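K.L.:
In full-length UniProt numbering, the protein residues as written are 1 to 254.
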């Protein structure tokens with residue numbers, strides 16, 4: 001059993017050095033071997049951080065390997081929550097444990113190779129994946145660079161001549177300023193005409209042309225007809241430069 005464990009440790013350490021190996025020593029032959037194997041499997045299943053169990057022993061006669069044909073051992077292997085690799089005896093040795101286990105290995109050394117990856121193979125796969133990834137990334141970079149170059153070329157073709165556009169803009173600004181000046185001059189002249197018309201319509205302007213505004217003093221009502229006044233009624237007469245009082249002495253109609 002010591003040689004078997006030593007071989008397993010050597011192979012596992014060579015293939016995947018980070019592996020932690022837990023030994024559950026037990027009898028592997030004799031009348032007390034079967035319950036001891038069951039007890040060892042139960043102890044390993046109570047642990048929470050065990051990934052796989054190798055049930056192993058070296059070669060021997062049928063009688064020496066018989067504990068691995070016992071029903072209690074077979075049931076314990078079958079009921080294990082942790083995957084079990086059976087590696088009992090030599091390649092030509094078969095026990096019931098081989099048939100109820102999750103996997104059979106021809107020898108304990110072969111079981112050690114089955115339960116851990118080979119770091120050299122994993123390294124080779126990683127290097128291959130890195131080469132593939134680098135090639136893919138190089139292709140992506142080249143594709144995006146080509147797309148960027150095409151986009152830059154289209155932009156250069158679509159960008160107008162700056163000097164020509166600046167000259168065109170100056171002409172447009174000059175035309176706009178000239179049109180705006182003409183429009184402002186026209187508006188200014190129209191405003192002057194409107195102002196003259198408004199001044200001519202002001203009461204003072206009318207009075208300056210010789211007219212007068214007559215109001216009854218009693219109520220301030222503007223007198224527009226002789227029928228609005230009566231004899232001796234007091235009036236206020238407004239002229240361009242002031243006002244003066246008046247009194248009706250007589251009415252005349254046209």
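Even for Gly, the Cβ is constructed at its ideal location relative to N, Cα and C. Since the model is a prediction, treat every value here as computed from it, not as a measurement.
What does the Cβ neighbour count give for residue 67, buried or exposed, with the cut at 16 atoms within 10 Å?
P.N.:
Position 67 of the chain shown, counted from the first residue, corresponds to residue 67. Result: buried.
K.L.:
If residue 222 and residue 213 are in contact, beta carbons under 8 Å, what's the gap, nearest whole angstrom?
P.N.:
Numbered from 1 along the chain shown, position 222 holds the residue referred to as residue 222. Numbered from 1 along the chain shown, position 213 holds the residue referred to as residue 213. Residue 222 to residue 213, Cβ: 7 Å. Contact.
K.L.:
With C-beta atoms as the reference, is residue 56 less than 8 Å away from residue 8?
P.N.:
Numbered from 1 along the chain shown, position 56 holds the residue referred to as residue 56. Numbered from 1 along the chain shown, position 8 holds the residue referred to as residue 8. Cβ atoms of residue 56 and residue 8: closer than 8 Å.
K.L.:
Hey, how far is the Cα of residue 132 from the Cα of residue 170?
P.N.:
For the purposes of this step, residue 132 is identified with residue 132 of the chain shown, where counting begins at 1. For the purposes of this step, residue 170 is identified with residue 170 of the chain shown, where counting begins at 1. Between residue 132 and residue 170, the C-alpha separation is close to 58 Å.
K.L.:
Helix, strand or coil for residue 23, going by three-state DSSP, please let me know.
P.N.:
Reading the chain shown from its first residue, position 23 is the one you call residue 23. In the structure shown, residue 23 sits in coil (DSSP, three-state: anything other than H, G, I, E or B).
K.L.:
So, with DSSP's three-state summary, where would you put residue 31?
P.N.:
Taking the first residue of the chain shown as position 1, residue 31 is located at position 31. Coil, per DSSP.
K.L.:
Identify whether residue 108 lies in helix, strand or coil by the three-state DSSP scheme.
P.N.:
If you number the chain shown from 1, residue 108 lands on position 108. Helix, per DSSP.
K.L.:
Hey, how far is the Cα of residue 22 from the Cα of residue 51?
P.N.:
Here residue 22 refers to the residue found at position 22 of the chain shown. Here residue 51 refers to the residue found at position 51 of the chain shown. So the alpha carbons of these two residues sit roughly 11 Å apart.
K.L.:
Hey, could you find the ends of the beta strand (DSSP E) residue 244 is sitting in?
P.N.:
Looking up residue 244 in the chain shown gives position 244. That run of the beta strand (DSSP E) goes 242–247.
K.L.:
Identify, in the order they occur along the chain, each residue of the same chain with its Cβ nearer than 7 Å to the Cβ of residue 65, setting aside the five sequence neighbours on each side.
P.N.:
What you label residue 65 is simply residue 65 of the chain shown in a count that begins at 1. The residues are 88, 89, 93 and 95.
K.L.:
Considering only DSSP beta bridges, list what residue 56 is partnered with.
P.N.:
Reading the chain shown from its first residue, position 56 is the one you call residue 56. Residue 56 pairs with 87.
K.L.:
Who are residue 222's beta bridge partners in DSSP?
P.N.:
Indexing the chain shown from 1 puts residue 222 at position 222. According to DSSP, residue 222 bridges with 215.
K.L.:
In the DSSP assignment, find the unbroken beta strand (DSSP E) run with residue 235 in it and report its ends.
P.N.:
Against the chain shown, residue 235 aligns to sequence position 235. Segment 234–239, the beta strand (DSSP E) holding residue 235.
K.L.:
At which residues does the alpha helix (DSSP H) containing residue 10 begin and terminate?
P.N.:
Taking the first residue of the chain shown as position 1, residue 10 is located at position 10. Segment 2–15, the alpha helix (DSSP H) holding residue 10.
K.L.:
So, with DSSP's three-state summary, where would you put residue 103?
P.N.:
Taking the first residue of the chain shown as 1, we reach residue 103 at position 103. It is a strand residue.
K.L.:
Exposed or buried, residue 122, counting other C-beta atoms within 10 Å across all chains shown (16 or more means buried)?
P.N.:
Position 122 of the chain shown, counted from the first residue, corresponds to residue 122. Counting Cβ neighbours within 10 Å, residue 122 comes out exposed, since fewer than 16 surround it.
K.L.:
Once DSSP output is grouped into helix, strand and coil, what is the label at residue 229?
P.N.:
Taking the first residue of the chain shown as position 1, residue 229 is located at position 229. Coil.
K.L.:
On the CB-based measure, 16 or more other CB atoms within 10 Å of its CB, does residue 183 come out buried or exposed?
P.N.:
Here the question's residue 183 lines up with position 183 in the chain shown. Label assigned to residue 183: exposed.
K.L.:
Using a threshold of 8 Å, state whether the C-beta atoms of residue 102 and residue 117 are closer than that.
P.N.:
The residue labelled residue 102 in the question sits at position 102 within the chain shown. The residue labelled residue 117 in the question sits at position 117 within the chain shown. No, Cβ-Cβ distance for residue 102 and residue 117 is not below 8 Å.
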